[in-house]
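Add 10 to a position in the first sequence, counting from 1, and you land on the number used in the numbering used here.
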Amino acid sequence: MHQHIKRIAQSEGQEATLKGWVANIRESKTNLFIVLRDGTGFVQCVVGLDAVGEEQFEAAKKLTLESSLALTGNVVKDDRQIGGYELQANNVHIYQIAKEYPIAKKTHGEHGVRFLADKRHLWLRSKRQWAIMRVRNEIIMGIHEFFQSRDFIQMDAPIFTGNACEGTTTLFSTDFFGEEAFLSQSGQLYGEAMAMAQGLIYTFGPTFRAEKSDTPRHLAEFWMIEPEMAFYDNEMNMDLIEQFMKHVINRVIKNCTVELEALDRDVEKLARVNQEFPRVPYTEAVKILRGEQEVNGRNAIAVQEEDLANAKKGIEEKTADIAEREVQIKAGMKKGARKFSEAKIVVLRKEIAEMEEQVRNIPKWIESAKSFEDGEDFGGSDETVLTRVFDAPVMVYNWPTKIKAFYMKEVEGDPHHVKGVDLLAPEGYGEIIGGSERETDIDVLLKKIKEHDLPMQEFEWYLDLRRFGSVPHSGFGLGLERIVRWCCDLDHLRETIPFPRRYGRLFP
RNA sequence: GCCUCCAUAGCUCAGCUGGUUAGAGCGGCGGACUGUUAAUCCGUAGGUCCAAGGUUCAAGUCCUUGUGGGGGCGCCA
11 MHQHIKRIAQ SEGQEATLKG WVANIRESKT NLFIVLRDGT GFVQCVVGLD AVGEEQFEAA
71 KKLTLESSLA LTGNVVKDDR QIGGYELQAN NVHIYQIAKE YPIAKKTHGE HGVRFLADKR
131 HLWLRSKRQW AIMRVRNEII MGIHEFFQSR DFIQMDAPIF TGNACEGTTT LFSTDFFGEE
191 AFLSQSGQLY GEAMAMAQGL IYTFGPTFRA EKSDTPRHLA EFWMIEPEMA FYDNEMNMDL
251 IEQFMKHVIN RVIKNCTVEL EALDRDVEKL ARVNQEFPRV PYTEAVKILR GEQEVNGRNA
311 IAVQEEDLAN AKKGIEEKTA DIAEREVQIK AGMKKGARKF SEAKIVVLRK EIAEMEEQVR
371 NIPKWIESAK SFEDGEDFGG SDETVLTRVF DAPVMVYNWP TKIKAFYMKE VEGDPHHVKG
431 VDLLAPEGYG EIIGGSERET DIDVLLKKIK EHDLPMQEFE WYLDLRRFGS VPHSGFGLGL
491 ERIVRWCCDL DHLRETIPFP RRYGRLFP
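Right, dumping it as C-alpha cells:
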C-alpha cells in the first residue's frame with residue numbers, strides 16, 4: 011500500500027512509497043529534485059545517484075513534466091520544504107514518460123483563457139485548479155453537514171420537467187419519449203411539496219439555464235441547493251441563511267488552509283462572515299446605492315470615486331516604475347537583477363492593464379448607481395457598488411413585487427413589496443442566495459399566476475399544496491459555484507466547476 | 001445586442017514617433033554544476049507577426065473590413 015502525500019507526516023523516519031505525477035523537476039549532476047503531486051498534496055522527492063544506482067538515475071533523468079511514477083524512500087522532516095517533509099528515494103518506478111506538456115508552469119494571461127479552457131482536462135492538474143476543486147468539495151460537505159445536523163432531509167427534484175412555467179426562452183428543450191420536456195431550472199416547487207411531507211428539506215442538484223449570458227457570474231449548467239422549511243417566516247429564513255453561511259465558510263477556513271494559501275486568498279476578509287450580517291430593506295438599499303444614505307460613515311458613490319482616483323494614481327506610479335527600470339536595464343545591470351526587474355515589469359504591465367479596465371468601467375458604474383430608480387432590479391455593477399460599503403455579507407429584503415416571482419408572499423398592508431431576500435456577498439461578488447417566504451393564500455396565488463401570464467393548469471398540483479393544510483413556509487436557493495468563486499476569490503465562474511458549460515463552451 | 005481593449009515562437013510576453021537579418025523567459029533538445037525550490041549557467045532548434053484589402057520608397061507597427069478572444073453592460077426567480 012502506498013502513502014498519500016497528505017498523510018506523509020505519519021511516515022516520518024520510515025520508508026514509504028509515493029505514487030503520482032511530476033509537477034516540477036530540477037536536475038544537477040548527482041541529484042534530481044522532483045516535486046511530486048498525487049492529488050492529495052505536493053512533496054519534493056530527491057533522487058540521488060548513489061541512492062538509486064546509475065541505471066535508475068539515468069532513467070529518471072528522462073522524466074518530463076506530468077510523467078507518472080512511483081518513488082520509494084525515507085521520509086525526512088525538512089522545514090524548508092512545502093509541507094515540511096521530503097522523500098529521499100532509493101527506488102524509482104516509472105509508469106510513463108509524458109509527452110511535452112502544453113501548459114506552462116507560469117501563469118497565463120488574457121489570451122491564455124481560451125487555451126486553458128480548451129485544455130481543461132489537463133488544466134485541472136495545476137495547483138490552482140487543484141485547490142479550487144478541494145475548496146468546492148469542502149463547501150459541499152459543509153452544506154450537507156449543516157442541513158443534516160438540523161434534521162433536514164435531502165431530496166432529489168426531477169431534472170426533466172414538463173411545464174415551461176417561466177417561459178421557454180430560458181429553458182433547454184429536449185425530447186422525452188416524443189413529448190417536449192425541459193431541463194430543470196429550479197427544484198423549488200417540488201421542494202415545497204416535499205416540505206409539506208417532511209417538514210425540513212433541501213435539494214442539491216444540477217440546474218440549467220439557456221440564457222445567452224456571457225458574464226463571469228453565469229453558467230448554463232450549475233449546481234443549486236434549495237432548502238424549504240415548513241412553518242418558517244422570512245425572519246427565520248434570514249436567520250437560517252446567516253447561520254448557514256457562517257457554518258460553511260468557517261468550515262472552509264478551518265479545513266482548507268493549504269488550498270486557500272495556494273490561491274493566495276485573504277482569509278481575514280473571508281472571516282468577516284463571523285460579523286452580524288446587515289439586513290437592509292430594498293428601499294433603504296436604493297438610497298445607499300444612490301449615495302443618499304451612508305453606512306458607517308461610508309458613501310457608496312464616494313467609495314467608487316476613491317477607487318477611480320486610486321486606479322489613476324496607480325497607473326501613473328507603475329508607468330513611472332517601468333520607465334525607471336527600463337533605463338536601468340539599458341544602462342547595464344547584473345544578470346540576476348536584470349531578470350528580476352524584467353519579471354517585475356511584466357507584472358506591472360498586467361496590473362496597469364487591470365487598472366485601465368477599472369478607469370474605463372467605474373464611471374459607468376457610478377452613473378448607473380446614481381440614476382438607479384426605485385422599483386428596478388439591481389444590475390451586476392449595482393450589487394458591487396452597494397456591497398462595497400459593507401464588510402460582511404448583506405441581506406436585502408422586501409423587494410418590489412413586480413420584479414420578483416409569483417410565489418413570493420406580499421408584505422402585510424403593502425402589496426407593492428414581497429417578502430423576498432437576496433444575500434449579497436462582500437468584495438464585489440454580488441448575489442449568491444435568493445429566497446423568500448412563500449405565498450400561502452390560494453386566491454392571491456391564482457391572481458399572481460394570471461398576472462404573470464403563466465399556464466394555470468400546469469400549476470394545479472402546486473395549488474393543491476395550498477388546498478390541503480397550507481402553512482407558512484420559506485426557502486432559498488443558492489448557487490454552489492458562486493460561493494466557490496467568493497471563497498476562492500476568483501474572477502470568473504469558469505474555474506469553479508470541473509467542466510464548465512456556458513454560452514459558447516460545450517467542450518471538453 | 002451594445003461599449004471597450006486586444007491578436008507576434010508550443011506557452012507567457014517585449015518590439016517606442018513606420019526603417020536593414022523579428023527578440024526574451026518558460027517548455028523541447030545537447031552540455032555544465034554536490035541540495036535545488038519559477039534553480040542557475042552555456043549552446044541549439046523553433047515564426048505565413050490572425051485573415052483580406054489599402055496608404056507608403058518602406059508595414060509586426062498606420063487605415064478599412066472580417067474572424068477570434070479578454071473586460072464591462074444588457075438579457076437573466
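Ideal Cβ positions, reconstructed from N, Cα and C, are used throughout, including at glycine.
(request) Compare the beta carbon distance of Val421 and Ala310 with 8 Å and say whether it is the shorter of the two. (result) No, these two residues do not count as a Cβ contact at 8 Å.
(request) Kindly give me the distance between the Cβ atoms of Ala167 and Met206, rounded to whole angstroms, as I take these residues to be in contact under 8 Å. (result) Rounded, the Cβ-Cβ distance is 14 Å, inconsistent with contact.
(message) Just to check my reading of the structure: Thr450 and His427 have Cβ atoms closer than 8 Å, yes? What is that Cβ distance to the nearest angstrom?
(response) In fact, because the Cβ distance is near 17 Å, the residues do not count as touching under 8 Å.
(message) Measuring straight from C-alpha to C-alpha, what distance separates Ala99 and Leu132?
(response) Our two residues, Ala99 and Leu132, have alpha carbons roughly 27 Å apart in a direct line.
(message) Taking the alpha helix (DSSP H) that Arg492 belongs to, which residues open and close that run?
(response) The continuous alpha helix (DSSP H) containing Arg492 extends over residues 490 to 498.
(request) Assuming Phe382 contacts Arg300 (C-beta within less than 8 Å), just tell me the rounded distance between them. (result) With 8 Å as the limit, Phe382 and Arg300 qualify as a contact, their Cβ atoms being about 6 Å apart.
(request) Grab the span of the beta strand (DSSP E) containing Asp432 for me, first residue to last. (result) Asp432 -> beta strand (DSSP E) spans 424 to 435.
(message) Please report the distance separating the alpha-carbon of Glu316 from that of Arg370.
(response) C-alpha separation (whole angstroms): 14 Å.
(request) Express the C-alpha separation of Glu148 and Arg261 in angstroms, rounding to a whole number. (result) The straight-line gap separating the alpha-carbon atoms of Arg261 and Glu148 is approximately 7 Å.
(message) I believe Leu81 touches Thr27 by the beta-carbon criterion, under 8 Å. Please report the beta-carbon distance rounded to the nearest angstrom.
(response) About 7 Å separates the two Cβ atoms, so the contact holds.
(request) Determine the extent of the beta strand (DSSP E) in which Asp185 is found, giving its start and end residues. (result) The continuous beta strand (DSSP E) containing Asp185 extends over residues 183 to 186.
(message) If I measure Cβ to Cβ from Pro226 and keep anything under 7 Å in the same chain, skipping five residues before and after, which residues do I get?
(response) Counting only Cβ-Cβ distances below 7 Å, and skipping sequence neighbours, we find Asp501, His502, Leu503.
(message) Tell me which residues share the same chain as Leu42 and place their Cβ nearer than 6 Å to its Cβ, disregarding the 5 neighbours each side in the sequence.
(response) Val57, Ala70.
(request) Note the first and the last residue of the continuous alpha helix (DSSP H) segment covering His12. (result) Careful: His12 lies outside any alpha helix (DSSP H) and carries neither H nor E.
(request) Would you kindly work out how many angstroms separate the C-alpha atoms of Met11 and Gly152, rounded to a whole number? (result) The alpha-carbon atoms of Met11 and Gly152 are separated by roughly 30 Å.
(message) Do Pro237 and Ile169 have their beta-carbon atoms positioned less than 8 Å apart in this structure?
(response) Between Ile169 and Pro237, the CB-CB gap reaches or exceeds 8 Å.
(message) Please classify Val277 as buried or exposed, where buried requires at least 16 neighbouring CB atoms within 10 angstroms.
(response) Val277 is exposed by the Cβ-count criterion.
(request) Specify, as a first and last residue, the run of the alpha helix (DSSP H) that Ala127 falls within. (result) Unbroken alpha helix (DSSP H) run through Ala127: 122 to 128.
(message) Taking the beta carbon of Glu189 as the centre, do at least 16 other beta carbons fall within 10 Å, making it buried, or is it exposed?
(response) The residue in question, Glu189, is exposed, as its Cβ has fewer than 16 Cβ neighbours within 10 Å.
(request) Report yes if the CB atom of Ser484 is closer than 8 Å to the CB atom of Gly445, and no otherwise. (result) Yes.
(request) Express the C-alpha separation of Gln158 and Glu327 in angstroms, rounding to a whole number. (result) Cα to Cα, Glu327 sits roughly 53 Å from Gln158.
(message) Suppose the cutoff is 6 Å on Cβ atoms and the five residues either side in sequence are ignored; what does the same chain contact list for Ile325 look like?
(response) Answer for Ile325: Ile362, Met365, listed in chain order.
(message) Can you tell me whether Lys349 is helix, strand or coil according to DSSP?
(response) Lys349 falls in the helix class under three-state DSSP.
(message) Could you give the first and the last residue of the continuous alpha helix (DSSP H) run that contains Met466?
(response) In the DSSP assignment, Met466 falls outside any alpha helix (DSSP H), carrying neither H nor E.
(request) Identify, in the order they occur along the chain, each residue of the same chain with its Cβ nearer than 8 Å to the Cβ of Gly514, setting aside the five sequence neighbours on each side. (result) So the qualifying residues of the chain are Asp224.
(message) Classify Val551: buried if its beta carbon has 16 or more other beta carbons within 10 angstroms, exposed otherwise.
(response) Coverage of the chain is limited to positions 11 through 518, which leaves residue 551 absent and any answer about it impossible.
(message) Can you list, in chain order, the residues of its chain with a C-beta nearer than 7 Å to that of Ser183? Leave out the 5 residues immediately preceding and following it.
(response) In its chain, beyond the 5 residues on either side, Glu190, Phe192 have a beta carbon closer than 7 Å to the beta carbon of Ser183.
(request) Could you check what DSSP says for Gly83 in three-state terms: helix, strand or coil? (result) Gly83 falls in the strand class under three-state DSSP.
(message) Excluding the 5 residues flanking Glu447 on each side, which residues of the same chain have their C-beta closer than 6 Å to its C-beta?
(response) Cβ within range, chain order: Asp243, Asn244, Lys419, Lys429, Ser484.
(request) Kindly indicate which residue of Asp499, Ala281, Gln24, Glu437 has the alpha-carbon position closest to the one of Val313. (result) In terms of Cα proximity to Val313, the closest of Asp499, Ala281, Gln24, Glu437 is Glu437.
(message) Among Ala402, Arg124, Phe162, Gly440, whose alpha-carbon lies nearest the alpha-carbon of Glu491?
(response) Of the candidates Ala402, Arg124, Phe162, Gly440, Gly440 places its Cα closest to the Cα of Glu491.
(request) Give the DSSP bridge partners of Glu25, in chain order. (result) Note: Glu25 sits in a beta bridge opposite Asn84.
(request) Determine, using beta carbons only, whether Arg160 and Phe509 come nearer to each other than 8 Å. (result) The Cβ atoms of Arg160 and Phe509 lie no closer than 8 Å to each other.
(request) State yes or no: is the C-beta of Gly30 within less than 8 Å of the C-beta of Leu46? (result) Contact: yes.
(request) Report yes or no: do the stretch 473 to 484 and the stretch 282 to 292 share at least 3 C-beta pairs separated by less than 8 Å? (result) Fewer than three beta-carbon pairs drawn from the stretch 473 to 484 and the stretch 282 to 292 are found closer than 8 Å, and the two stretches are therefore not classed as touching.
(request) State yes or no: is the C-beta of Glu110 nearer than 7 Å to some heavy atom of the ligand SAH? (result) With respect to small molecules bound, the structure shown includes none, and the ligand SAH cannot be examined in it.
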